[in-house]
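Quick note on numbering: this note's numbering labels position 92 of the sequence shown as 160, and the sequence is numbered without any gaps. Working notes for the structure below.
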Amino acid sequence: MTIDLDAKDIEVFSTRKEQVIRSYKGEIAGRVHAAHVAQAGTVLVADLLDGRSDGRTHSPAQIDRALDAVRAAGATGRILFQGDSGYYAGKVAEKIVARGGLFRLGVPRGKALWRAVAAVHEDDWIGAVDYPDAQVAPLGYAPADWPDGTRVVARRVRYDADQLSADPRSRRSRTVGKDQLALVLDGIEDTAYAYSFIATNEDLDLDEEIAAAEWEFRRRTKIEELFRDTAHGAGLNHLPSGSHAVNSMWMWGALLAYNLSAWLQMLAPIGAARRRIATVRRLLIRRAARWTITARRQKLHFAQAADTLIAQALARIRAHRRVLSA
């Protein structure tokens, strides 16, 4: 089982609301910190904090709560936690290891990493999975005072000179080493490599295992879809009250809508791809029907398409447990 950690700022427009503050982006915001089960597409744990709250500080407690939840639900294997560089901290890794888990955490770029990447022999780079012009390689570097067995995996992506910008605000250019970027911008080199780094305690001995781990980390976009879907489909694009308690309930209402959408899609055959909350509402919830009373018995009559869908969903449920007849 994989649990993704991430946070999302919810912008507001009043400093009089409880537990909101200007974030590092300059927005007045509250921040939702969430732990999300990748395979099931559901939220386990969430907290509404202020816009400067740090995931490295709050995630150890969330890790405990998330692990307690999945163990109570019957999960017995090792749990893998993933997070971006906002969760890069030795105490986060130590908490995961202390609870018997594995981790993949994004690593901020720094001088030690640039030195380590420069020491990788060209033949040691491995083709990345489903990513043209990208390669991955293990580095001879591990962060100090992290759990034993921690290693760092690098990914590099080749870009032509016309794909890079001298603007310091360019996200892509910030992933290129300063010396290499200067050579490209001065016209001395035609291409440059952009780098990303992951710290993990997994046993990655084979090239295929290293490439697969990087591919899985790169695909940790489902938690980002969680924030998009709840913002546009369940109202988590604003915090309507001045009360932090009310806003916390608002957050949980949006997250429960997301979970209910996921559970409904597990039951109802509306396609293999994950549908958004608005689509699930249209296909499964807002269905035309007639309410009739015959011989003091009340009955809801759906259109034929909805009847078929309900029958298929009930058949899926009955295949696994006994339920009363509809």
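By construction, the Cβ of each residue, glycine as well, lies at the ideal position given by its N, Cα and C atoms.
- Apart from the 5 residues on each side of it in sequence, D258 sits with its Cβ closer than 8 Å to the Cβ of D228, A229 and V252 in its chain, given in chain order.
- When DSSP states are grouped into helix, strand and coil, A260 belongs to the strand group.
- DSSP places D230 in the helix class (H, G or I) of the three-state scheme.
- Around G158, the same chain offers D213 and W214 as residues with beta carbons nearer than 6 Å, after the five sequence neighbours per side are excluded.
- Look at the segment 74–146 and you find these whole runs of alpha helix (DSSP H), each 4 residues long or longer: 123–140.
- V204: member of the beta strand (DSSP E) spanning A202 to P206, first to last residue.
- Look at the beta carbons and you see the segment 320–339 touching the segment 108–121: at least three pairs across the two are nearer than 8 Å.
- Residue pairing for D72: DSSP places it in a beta bridge opposite H104 and Q150.
- Taking 8 Å as the cut-off, the Cβ atoms of E282 and R223 count as close.
- As computed with DSSP, K367 is found in a beta bridge with T360.
- R288 is positioned such that its CB atom lies closer than 8 Å to that of A106.
- Between I194 and I71, the CB-CB gap reaches or exceeds 8 Å.
- With 16 or more other CB atoms across the displayed protein chains lying within 10 angstroms of its CB, Q203 is buried.
- The beta-carbon distance between R124 and V160, rounded to whole angstroms, is 6 Å. This is short enough to meet the 8 Å contact definition.
- Burial of I278 is indicated by the presence of at least 16 other C-beta atoms within 10 angstroms of its C-beta.
- The continuous alpha helix (DSSP H) containing G158 extends over residues G158 to A166.
- The continuous alpha helix (DSSP H) containing G301 extends over residues K290 to G301.
- Taking C-beta atoms as the reference points, A336 and L377 count as a pair closer than 8 Å.
- With respect to the 8 Å criterion, Q248 and A234 are not classified as neighbours on the basis of their beta carbons.
- Its chain contains D72, V111, I291 and L294 as the residues whose beta carbon lies nearer than 6 Å to that of H104, once the 5 sequence neighbours on both sides are disregarded; these appear in chain order.
- By the CB criterion at 8 Å, G109 and R342 fall inside the cutoff.
- Among the bridge pairs identified by DSSP, L173 is matched with G151 and A267.
- V252: member of the alpha helix (DSSP H) spanning K246 to L253, first to last residue.
- R167 is a Cβ neighbour of L135, given a cutoff of 8 Å.
- A direct Cα-Cα distance of roughly 21 Å separates N327 from A313.
- Look at I338 here: in three-state DSSP terms it is coil, with no helix or strand label.
- In the three-state reduction of the DSSP assignment, G195 falls in the strand class, which pools E and B.
- Around the beta carbon of K85, a 10 Å sphere encloses 16 or more other beta carbons of the protein chains shown; the residue is thus reported as buried.
- Beyond the five residues adjoining it in sequence on each side, F285 comes within less than 7 Å, by CB distance, of Q150, R172 and I266 in the same chain, given in chain order.
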